DNA sequence: CAAAAACCATAAGCTTGGCCTATGGAGTTG
DNA sequence: CAACTCCATAGGCCAAGCTTATGGTTTTTG
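Protein chains in written order, with UniProt numbering: chain A, 1 to 301; chain B, 1 to 301.
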């Protein structure tokens, strides 16, 4: 039994006459009549008795009607679902990002995405990079945004921008007079920065060596945002990525670090998993949002 | 989405490769490949990523897989059901009959039917004729067997035989010497027979008048089988249809009534309801069983 | 009571779906 | 590197599904 035959049968059962059923399905009466006759021929038993030019359901028709109706409705539902999928009107996009892009880029990307596709569920996971990789592998997220492009081979990293470092000064710190700081300015000061053996810590150490200075981070952090509290408490100067919108936090002065290393901003996807259309649209939005955020930063600097 | 596309999609999801799926569906690999490609084209999004010659389901495919599988299974189930209906391997046949045919004809008809169609449920309702008509009208039974052919116009009655009357004698009654009785033999005796204003009572009275005798039923019954107890108790001679297998009851002697009226045996159907194939097969069995029973009676007589 | 309306079926013709066999290209493996 | 496996394409066939045109029945209506 083909899907069309099912629809025709259900329509005739509901409408009572072939003509009305044809109207319901927006096809001609002979077309529907043919399908119905052909269906009966294939089934091997009649579905309707023709009596005085009218149709009367046979017991067999009554017997299969309930199933036919259920299946027909199910097919309709699936068709609706697929058109929704085609138009990107349904689905769930999960993005895992480390905190700086999660706070700086995703809000903008999600806003633009939501404006275009109001019916797609969005989920943002703020996680350290190792967790992001795990989520991408497991399919718990289809997109990742991190500040590292050195990743396992099964993770594809597309660099969509880069940012330098920012120095977070306690509100009344002397260095706030300068609009830009260099590594040399920080020598001998209490520094709050990334723990050793991480990408940014290595890059910072390398840059310092290149510039002939020695830095001594006295407080190591894991995620840049956790520096906020320590800086506010006056425990030192935060030396962190410039991406996170630090100006949102009170009690901080933010200054660019000149001649420092750059963080790549990478869009991560699993090589073993395909992106849905919705994912791809979100990826575009993230690229755009990243570019927009970076250009704003450049203007401000 | 056509049913075939659904099946192909499910098969590919389950099999993992186009080739294996084609084997599952017993079609050629190119045929399945085409259907899959065409389906993706119609849907507007890809269901599988082709990577290194292999297929990998897209998130969209995963999203609709559950529904597709459910629907595909449902279609399979419906197809099985329809072939069962065609072959008469499923269904329910309900027959309403008055007690004499229910006891004399239906056992034989049901036995033959069951031998041919062991999977069809059978239901026998023993009921007075008015109830049979109601059941046929309501669809609670599709076939009826009664000993009357004068029925409302919406009930079709096909006479499939006729039987005369039988006289039920208490075990030691004097009349048992005769192999056949006439109405004249019964004059003046205590009779147990149908209540007035019923078809058989009228016919009996008419026959008696025609033969110039007067009968005086002293105990009126509704259904012939209820005569058994009264006859066994010696309350009189039962004058009832010859159809019911009276010889099954102990303490009775059965003698044919010669020159008495005949009961029609009628097969009843509703004119407003169609018969299922199973109903029609049962109707044939009832006709055959009736003929067989009547010929046995004739041999015995 | 006859004309109009409603209903179903058939006929002829077209487009597309679904299937085949044959073949080729791409990737994996012994 | 050759054999194997996998998927896609090409060309051809038949049946499904749709159209318009038309005719036969039965019911409704003026």
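Backbone N, C-alpha and C define an ideal beta-carbon position, used for all residues, glycine too.
The model shown is predicted, which means the values in this text are computed figures rather than measured ones.
Next item on the list: Put residue 319/B into one of helix, strand or coil per three-state DSSP.
Entry: Outside the shown range of chain B (1 to 301) lies residue 319/B, about which nothing can therefore be said.
Item checked: First and last residue of the uninterrupted beta strand (DSSP E) at residue 241/A -> Taken as a continuous stretch (DSSP letters only), the beta strand (DSSP E) holding residue 241/A covers 237-241.
Item checked: Secondary structure of residue 274/B, DSSP reduced to three states -> Residue 274/B: coil per DSSP, three-state reduction.
Check: Which residue comes first and which comes last in the alpha helix (DSSP H) that contains residue 110/A?
Finding: In this chain, the alpha helix (DSSP H) harbouring residue 110/A covers 106-116.
Next item on the list: Closer than 9 Å by beta-carbon distance: list the chain B residues that pair up with residue 1/A, in chain order.
Entry: Scanning chain B for C-beta atoms nearer than 9 Å to the C-beta of residue 1/A yields 3, 75, 78, 79 and 82, reported in chain order.
Notebook entry, point to check: Would you say residue 45/A reaches chain B, if we count a Cβ-Cβ gap shorter than 8 Å as a contact?
Noted result: Yes, residue 45/A counts as interfacial toward chain B.
Note to self: From the DSSP secondary-structure annotation, give me the bridge partner or partners of residue 217/A.
What the structure shows: DSSP lists 191/A as partners of residue 217/A.
Checklist line | Interface residues of chain B facing residue 91/A [CB-CB closer than 9 Å] | finding: Scanning chain B for C-beta atoms nearer than 9 Å to the C-beta of residue 91/A yields 59, 60 and 63, reported in chain order.
Next item on the list: Look up residue 94/A in the DSSP assignment and give the residues it is bridged to.
Entry: Partner residues in the beta bridge of residue 94/A, as assigned by DSSP, are 123/A.
Notebook entry, point to check: Using Cβ-Cβ distances below 8 Å, what residues of the region 130-148 of chain B are close to chain A?
Noted result: Those would be 142, in chain order.
Item checked: Identified DSSP bridge partners for residue 265/B -> In DSSP, residue 265/B forms a bridge with 161/B.
Check: For the candidate residues 149/A, 215/A and 4/A, whose alpha-carbon lies nearest to that of residue 129/A?
Finding: Measuring from the Cα of residue 129/A, the nearest candidate turns out to be 149/A.
Next item on the list: Mind the definition here: the region 275-289 of chain A touches the region 201-208 of chain A only if three or more C-beta pairs lie below 8 Å; say whether that holds.
Entry: Output reads no: the region 201-208 of chain A does not touch the region 275-289 of chain A.
Check: Do the region 163-177 of chain A and the region 256-263 of chain A make contact, defined as three or more Cβ pairs closer than 8 Å?
Finding: With a cut-off of 8 Å on Cβ pairs, the region 163-177 of chain A is in contact with the region 256-263 of chain A, counting three or more such pairs.
Margin query: I believe residue 100/A touches residue 241/A by the beta-carbon criterion, under 8 Å. Please report the beta-carbon distance rounded to the nearest angstrom.
Written below: Confirmed, about 5 Å.
Check: What whole-angstrom Cβ distance do residue 193/B and residue 239/B have, given they're in contact under 8 Å?
Finding: A Cβ-Cβ distance of about 4 Å is found for the pair residue 193/B and residue 239/B, placing them in contact under the 8 Å criterion.
Margin query: Relative to the C-alpha of residue 321/B, which candidate in 235/B, 227/B and 236/B has its C-alpha closest?
Written below: This structure cannot speak to residue 321/B, because chain B is shown only from 1 to 301.
Next item on the list: Out of 34/A, 247/A and 152/A, point me to the one whose CA is closest to residue 225/A's CA.
Entry: Check the Cα spacing between residue 225/A and each of 34/A, 247/A and 152/A: the tightest is with 247/A.
Notebook entry, point to check: What are the complete beta strand (DSSP E) segments, minimum 3 residues, inside the region 20-66 of chain A?
Noted result: Whole beta strand (DSSP E) segments, 3+ residues: 48-51 and 54-57.
Checklist line | residue 2/B and residue 3/A closer than 8 Å at C-beta | finding: In this structure, residue 3/A lies closer than 8 Å to residue 2/B by Cβ.
Margin query: Per the DSSP calculation, residue 166/A is bridged to which residue(s)?
Written below: 240/A and 256/A, per the DSSP bridge assignment.
Item checked: Close Cβ partners of residue 123/B (< 6 Å) along its chain, the five nearest in sequence each way excluded -> A distance below 6 Å between beta-carbons, with the five flanking residues on each side excluded, links residue 123/B to the following residues of its chain, in chain order: 94.
Next item on the list: Write down the C-beta distance between residue 219/B and residue 236/B rounded to the nearest angstrom, noting that I regard them as a contact closer than 8 Å.
Entry: A Cβ-Cβ distance of about 6 Å is found for the pair residue 219/B and residue 236/B, placing them in contact under the 8 Å criterion.
Item checked: Cutoff 8 Å: residue 222/A Cβ touching any chain B Cβ -> Taking 8 Å as the threshold, the shortest C-beta distance from residue 222/A to chain B does not fall below it.
Next item on the list: Decide if residue 42/A is buried, meaning its Cβ has at least 16 other Cβ atoms within 10 Å, or exposed.
Entry: When all chains shown are included, residue 42/A counts as exposed.
Item checked: Which listed residue (198/A, 112/A, 234/A and 184/A) has its alpha carbon closest to that of residue 210/A -> Closest option to residue 210/A, Cα to Cα, is 184/A.
Checklist line | Own chain residues within Cβ distance below 7 Å of residue 180/A, not counting five before or after | finding: Counting only Cβ-Cβ distances below 7 Å, and skipping sequence neighbours, we find 255, 256 and 258.
Notebook entry, point to check: Between residue 132/A and residue 98/A, which are expected to be in contact by the criterion C-beta below 8 Å, what is the C-beta distance as a whole number of angstroms?
Noted result: With a Cβ gap of about 7 Å, residue 132/A and residue 98/A count as contacting.
Item checked: Per-residue contacts from residue 268/A into chain B (C-beta, under 7 Å) -> None at all; the shortest Cβ gap to chain B is about 16 Å.
Check: To which residues does DSSP link residue 223/A through a beta bridge?
Finding: Looking at the DSSP output, residue 223/A shares a beta bridge with no other residue.
Notebook entry, point to check: Near residue 151/A, what residues of its chain come up, given a Cβ to Cβ distance below 6 Å and the 5 sequence neighbours on each side ignored?
Noted result: Within the same chain, residue 151/A has close Cβ partners 157.
Check: Would you say residue 49/B faces chain A, with C-beta separation under 8 Å as the test?
Finding: Answer yes: the Cβ-Cβ gap between residue 49/B and chain A drops below 8 Å somewhere.
Margin query: Measuring straight from C-alpha to C-alpha, what distance separates residue 177/A and residue 294/A?
Written below: Spanning the two alpha carbons is a distance of roughly 24 Å.
Checklist line | Within chain A, the residues that residue 67/B reaches when beta carbons sit closer than 8 Å | finding: Contact annotation for residue 67/B against chain A: 74, 77, 78 and 81 [CB-CB distance below 8 Å, chain order].
Next item on the list: Check whether the Cβ atoms of residue 19/A and residue 55/A lie closer than 8 Å to each other.
Entry: Against a cut-off of 8 Å, the Cβ pair of residue 55/A and residue 19/A comes out as no contact.
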